[in-house]
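K.L.:
Can you read through this structure? Questions will come right after.
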Amino acid sequence: MSLSPQDVERIAKLARIRVNGDEVMAYQSQLNNIFGLIEAMQAVDTAGIAPMSHAQDLFQRLRPDVVTEPNRRDAFQAVAPQTENGLYLVPKVIE
């Protein structure tokens with residue numbers, strides 16, 4: 001797939017990006033290079049290859065799900081302008 005200068009101008013207009021004539025030619029070249037790379041990657045035979053979530057076989061170490069911080073809700077709510085039943089009260093902003 002190859003983009004024409006008109007295609008680049010249309011894409012720029014849709015993206016609300018102002019480009020001049022010199023930039024159109026530079027962007028056309030860059031976008032055509034990207035499309036060439038995509039075509040080359042699509043040409044690779046991937047039959048029989050399982051999809052991977054990551055390029056390397058990594059796993060994430062998980063920590064135990066335990067509380068490590070003290071409960072400071074009462075201290076935080078003591079300095080709040082308004083609270084009720086453990087909740088912060090804020091002014092209504094949408095009618």
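Residue 1 is where the sequence shown starts when you use my numbering, and the numbers rise one by one after that.
A virtual CB, placed ideally from N, CA and C, is assigned to each residue, including glycine.
1. So if DSSP puts Leu87 in a beta bridge, which residue, or which two residues, is it bridged to?
2. Just the C-alpha distance for Val93 and Glu23, rounded to the nearest angstrom, thanks.
3. Determine whether the Cβ of Glu9 lies closer than 8 Å to any Cβ atom of chain C.
4. Since Val44 and Gln28 should fall inside the 8 Å C-beta cutoff, what is the C-beta to C-beta distance between them, to a whole number of angstroms?
5. Go ahead and pull the three-state DSSP assignment for Asn20.
P.N.:
For this structure:
1. Taking the first residue of the sequence shown as position 1, residue 87 is located at position 87. Glu84, per the DSSP bridge assignment.
2. Position 93 of the sequence shown holds residue 93. Position 23 of the sequence shown holds residue 23. C-alpha of Val93 to C-alpha of Glu23: approximately 45 Å in a straight line.
3. The structure shown contains no chain C; it is built from a single protein chain.
4. The residue you call residue 44 lines up with position 44 of the sequence shown. The residue you call residue 28 lines up with position 28 of the sequence shown. Actually they are not in contact, since the Cβ atoms of Val44 and Gln28 sit about 26 Å apart, beyond 8 Å.
5. Locating residue 20 in the sequence shown gives position 20, where the first residue counts as 1. Reduced to three states, the DSSP call for Asn20 is coil.
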